[in-house]
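S.K.: As they're listed, the protein sequences go chains R and E.
Residue numbers 1234 to 1500, in the working numbering, belong to the letters of the first sequence in order.
Residue numbers 6 to 350, in the working numbering, belong to the letters of the second sequence in order.
Heads up, the beta-carbon is just placed ideally off N, CA and C, and yes, glycines get one too.
Quick one: the structure is below, and I'll ask about it shortly.
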Amino acid sequence: MMLTRRTITRGPFFWLSVSSGIVIMAFILLPLIQLFVAPSVEMLRVSIQDKDVAHSIWLSIYTAALAALISFFFGTPLAYLLARHDFKGKRIVEGIIDLPIAIPHPVVGIAILGVAGKNHVFGQLLAELGIRVMGSVTGIVTVLTFVALPFYLDAAKAGFEAVSPRLEKVSRSLGASMFSTFFRITFPLAWRSMLVGLIMSSARAIGEFGAVVIVAYHPMIAPVLIYERFEAYGLKYSQPVAVWLVLISLILFFLLRILTLRKTVEQ
Amino acid sequence: MISIKGLNIELRDFHLRDINLDVAQNEFFILMGPTGAGKTLLLEAIAGLAPVKSGKIFIGGNDIIGLPPEKRGIGIVYQDYALFPHLSVKENILYGLNFHKADKKEAQQRLAQLIETLDLFHLLHRRPANLSGGEKQRISLARALMVDPAVLLLDEPLSALDPQFKADVRAALKRLHETSRTTFLMVTHDFTDALSLGGRAAVMHNGLIEQVGAIEEIFKRPASAFVAGFVGMKNLFPAEFSKNKATFSGLEIELAGAPTNGHGYIAIRPEDIVISRQILSSSMRNSFRGVVAGILDQGFYYELRVQTQEVSFTSIITKSSLIELGIQESADVVVSFKASAVHFF
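Here is the structure:
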């Protein structure tokens, strides 16, 4: 906490603000620090050499990345549409997009199984095509995309909204088609927000447990493995895996901070 | 050159109704009107950037309603410049050439000429972000004219500029218009810009065109009460006409001509009303005694409200005249104006 302004009168209100700030900092940092110092370096080394651990972390990374990429390909046109056009029911569409944020995580898994299972026409169609959702990587990516989509869409939409429509209008008047305009003007000005959206959605996906555990206990993503180790062997054996997962999430988080900070500096 | 026939637009709260307008080749046409009159919407409709409900727009004889904006050959310059922030000044100016087949030599010449006319050479390799408003608007003009459009639409290009840059850009606009074949269509609410740049003008109000004509004409002979008020006719009164006399609120006013309509409006510009302490022996046919009802400091001049019987006239007067005549609130004065200063419609 930087308190650079000397003119502030330091009354009881000020001290209340500061102390609540300290409580919050401690509340966030204390458990995380404990998590990192509890396992020895040796245990961390052994744990990452454990094939199950390495597999689950790798699975977590690439399913989360796939979820983010799917959000990118399908979400970008919709985000642009929402940023540029007003239409009846736009608020409803925006509300639907944010629904996955509000739904309890296990419910997401149950809902998706309801559609992808044998009792639903859609599930039967998938089965005929040889696509299995239950207990498969496909299933994991499906639920991760479900929970990650709103984060990408909201960030990309905000990015497009920040680009003045007049820039696109001028570009069109100078002879550029809508496609040329998008790739020469809109994208270069909004790519940073799109990247932030990709990182936010993959960060969201990599931490998902509740929805995944319903759809696919196996193959095991890192959060499920951590849960299993905790249930079977206790705290001590789940901590090293958790440290590795947190490290990877932190890398994503720092990338995000660097990118967003640079953006504010540029403006 | 531009011919608009029966254009109707409905866009959320905005409506343009039955717009008919003809602008000749290489004309500098002015579009005036208060905020919300639909001027920008009309420009964007011509450029293909706003949806049209019905009507036709011809450019050089071709109906362009069905064409996308990039196929219309119409440039647009906005009040807020709309420069591409991620491109250098030079890349901004040359942007349009990516989509136009142009002879290299001709393009080079054109670029050199625009840089020269708009004094942009020292800026070419900078980014637009930290340039002054005047510089930005000159760049945006160069960018629009680089592709040699048939029509250039200007949406209040001078109104965001500081006074010292305004004169620069105004002069640049005049030079560009004189040296190009492009037809200019400019939206403004600044009468100085309109009078110094434009030839003909249209006044818009509530999505309708109220009057089209030479700018001087519009100022001298407004066709409606709205236009009169808009161009600064403060003394606007409904009146009954008989021969070359107008009567209203017990005053009889001599006119320079005989209106054909039995009743309508008369209007007198504040600067055409002379204030004195005694009745003047001059050629002015209309003189009325009154009392000063209000003095408003307008910086370079004072606005005077004079009450005569039922009617309140507005006049303007310099500070020295104000002191010389010893005018203060409720002083007795005489307002006089020539018959030819009275506009009727």
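With a threshold of 16 other CB atoms inside 10 Å of the CB of Lys-1390(R), please say whether the residue is buried or exposed.
M.R.: With 16 or more Cβ atoms within 10 Å of its Cβ, Lys-1390(R) is classed as buried.
S.K.: Please list the terminal residues of the continuous beta strand (DSSP E) segment that includes Ile-1336(R).
M.R.: No beta strand (DSSP E) holds Ile-1336(R); DSSP gives it neither H nor E.
S.K.: Taking DSSP as the reference, what is the three-state secondary structure of Glu-221(E)?
M.R.: Helix at Glu-221(E).
S.K.: Are the segment 75 to 86 of chain E and the segment 161 to 178 of chain E in contact at 8 Å, needing three or more beta carbon pairs?
M.R.: Yes, the segment 75 to 86 of chain E is in contact with the segment 161 to 178 of chain E.
S.K.: Let me know the secondary structure DSSP gives Ala-1391(R) once reduced to three states.
M.R.: Reduced to three states, the DSSP call for Ala-1391(R) is helix.
S.K.: Going by C-alpha to C-alpha distance, which of His-268(E), Asp-167(E), Ala-219(E) and Ala-207(E) sits closest to Leu-48(E)?
M.R.: When each option's Cα is compared against that of Leu-48(E), the closest is Ala-207(E).
S.K.: Closer than 9 Å, CB to CB, is Gly-1328(R) near chain E or not?
M.R.: It does not: the Cβ of Gly-1328(R) has no partner Cβ on chain E nearer than 9 Å.
S.K.: Looking at Gly-60(E): is its Cβ nearer than 9 Å to the Cβ of Gly-101(E)?
M.R.: No, they are not a contact pair.
S.K.: Within 9 Å of any Cβ in chain A, is that where the Cβ of Gly-1408(R) sits?
M.R.: In the structure shown, chain A cannot be found, because the protein chains are R and E.
S.K.: Do Pro-275(E) and Glu-308(E) have their C-beta atoms closer together than 9 Å?
M.R.: Yes, the pair counts as a contact, with Cβ atoms nearer than the cut-off.
S.K.: Could you work out which residue in Ile-35(E), Met-6(E), Gln-30(E) and Glu-140(E) is closest to Ile-223(E) when comparing CA atoms only?
M.R.: Nearest option by C-alpha distance: Ile-35(E).
S.K.: Could you pull out every residue in the same chain whose Cβ sits closer than 6 Å to the Cβ of Gln-1500(R), ignoring the five residues on either side in sequence?
M.R.: Any reading at Gln-1500(R) needs caution, since the residue's pLDDT is 45, under 50, leaving its predicted position unreliable; the model's value is listed next. Nothing listed; no residue qualifies.
S.K.: Hey, is Ala-346(E)'s beta-carbon within less than 9 Å of any beta-carbon in chain R?
M.R.: No, Ala-346(E) lies away from the interface with chain R (no Cβ there is under 9 Å from its Cβ).
S.K.: So is Met-1234(R) in contact with chain E if we call contact Cβ pairs under 9 Å?
M.R.: Bear in mind that the predicted position of Met-1234(R) carries a pLDDT of just 49, short of 50, making it too unreliable to give a figure here.
S.K.: In whole angstroms, what separates the C-alpha of Arg-1494(R) from that of His-194(E)?
M.R.: Looking at the sequence shown, residue 1494(R) is not Arg but Leu. Roughly 41 Å between the two C-alpha positions.
S.K.: Determine the extent of the beta strand (DSSP E) in which Ile-321(E) is found, giving its start and end residues.
M.R.: First-last of the beta strand (DSSP E) with Ile-321(E): 316 to 322.
S.K.: To be precise: take each residue of the segment 1413 to 1433 of chain R, compare its Cβ to all Cβ atoms of chain E, and keep it if any distance is under 9 Å. Which residues remain?
M.R.: Flagged, chain order: Ser-1413, Thr-1414, Arg-1417, Ile-1418, Pro-1421 and Leu-1422.
S.K.: Between the C-alpha atoms of Val-1326(R) and Lys-44(E), what's the straight-line distance to the nearest angstrom?
M.R.: Going by the C-alpha atoms only, they are around 33 Å apart.
S.K.: Using the Cβ count rule (16 or more neighbours within 10 Å means buried), how would you classify Met-1234(R)?
M.R.: Interpretation of Met-1234(R) is limited by its pLDDT of 49, a score under 50 that renders its predicted location unreliable; no figure is taken from the coordinates.
S.K.: Is the separation between the beta-carbon of Asn-240(E) and that of Ile-278(E) shorter than 9 Å?
M.R.: In contact: Asn-240(E) and Ile-278(E) (Cβ atoms closer than 9 Å).
S.K.: Helix, strand or coil for Ser-229(E), going by three-state DSSP, please let me know.
M.R.: The answer is coil: DSSP assigns Ser-229(E) none of H, G, I, E or B.
S.K.: Once the 5 residues before and after Ser-287(E) are set aside, which same chain residues still bring their CB inside 8 Å of it?
M.R.: So the list reads Ser-341, once near-sequence residues are dropped.
S.K.: On the three-state DSSP scale, how would you describe Ile-1281(R)?
M.R.: It is helical.
S.K.: Where does Met-37(E) land, buried or exposed, given buried means 16+ other C-beta within 10 angstroms?
M.R.: Under this definition Met-37(E) is a buried residue.
S.K.: Whose C-alpha, out of Arg-1490(R), Tyr-1450(R), Leu-1386(R) and Leu-1468(R), is nearest the C-alpha of Gly-1368(R)?
M.R.: Ranking the options by Cα distance to Gly-1368(R), first place goes to Tyr-1450(R).
S.K.: Taking any Cβ of chain E, which residues in the segment 1390 to 1407 of chain R have a Cβ under 8 Å from it, in chain order?
M.R.: If the cut-off is 8 Å between Cβ atoms, the segment 1390 to 1407 of chain R has Ser-1397, Arg-1399, Leu-1400, Lys-1402, Val-1403, Ser-1404, Arg-1405, Ser-1406 and Leu-1407 near chain E.
S.K.: Is Asn-13(E) near Lys-76(E), with beta carbons less than 9 Å apart?
M.R.: Not a contact, by the Cβ cut-off of 9 Å.
S.K.: Does the structure place the segment 102 to 111 of chain E close enough to the segment 136 to 150 of chain E that three or more beta carbon pairs sit under 8 Å?
M.R.: These segments do not touch.
S.K.: Just checking: is the beta-carbon of Glu-15(E) within a distance shorter than 9 Å of some beta-carbon in chain R?
M.R.: Not one chain R Cβ lies under 9 Å of Glu-15(E).
S.K.: Can you check whether the C-beta of Asp-1331(R) is within less than 9 Å of a C-beta belonging to chain E?
M.R.: Judged by the 9 Å Cβ criterion, Asp-1331(R) is not in contact with chain E.
S.K.: Helix, strand or coil, according to DSSP, for Gln-1500(R) in the structure here?
M.R.: Note on Gln-1500(R): pLDDT 45, under 50, position unreliable in the model; the coordinate value appears next. In the structure shown, Gln-1500(R) sits in coil (DSSP, three-state: anything other than H, G, I, E or B).
S.K.: Ignoring anything shorter than 3 residues or poking outside the segment 50 to 109 of chain E, list the beta strand (DSSP E) runs there in chain order.
M.R.: Entirely contained in the segment 50 to 109 of chain E, the beta strand (DSSP E) runs reaching 3 residues are, in chain order, 59 to 64 and 79 to 82.
S.K.: In chain order, what residues of the same chain have a beta carbon less than 8 Å from the beta carbon of Leu-16(E), not counting five sequence neighbours either side?
M.R.: The answer, listed in chain order, is Leu-46, Ala-55 and Pro-56.
S.K.: In the segment 243 to 274 of chain E, which residue ranges form an unbroken beta strand (DSSP E) of at least 3 residues, counting only runs that do not cross its ends?
M.R.: As far as the segment 243 to 274 of chain E is concerned, its whole beta strand (DSSP E) runs of at least 3 residues are 250 to 253, 256 to 259 and 268 to 273.
S.K.: By the three-class DSSP mapping on this structure, what secondary structure does Thr-8(E) have?
M.R.: Note that residue 8(E) is Ser in the sequence shown here, rather than Thr. The answer is strand: DSSP assigns Ser-8(E) an E or B state.
S.K.: Tell me the residue span of the alpha helix (DSSP H) that contains Ser-1434(R).
M.R.: Where Ser-1434(R) is concerned, the enclosing alpha helix (DSSP H) stretches over 1420 to 1439.
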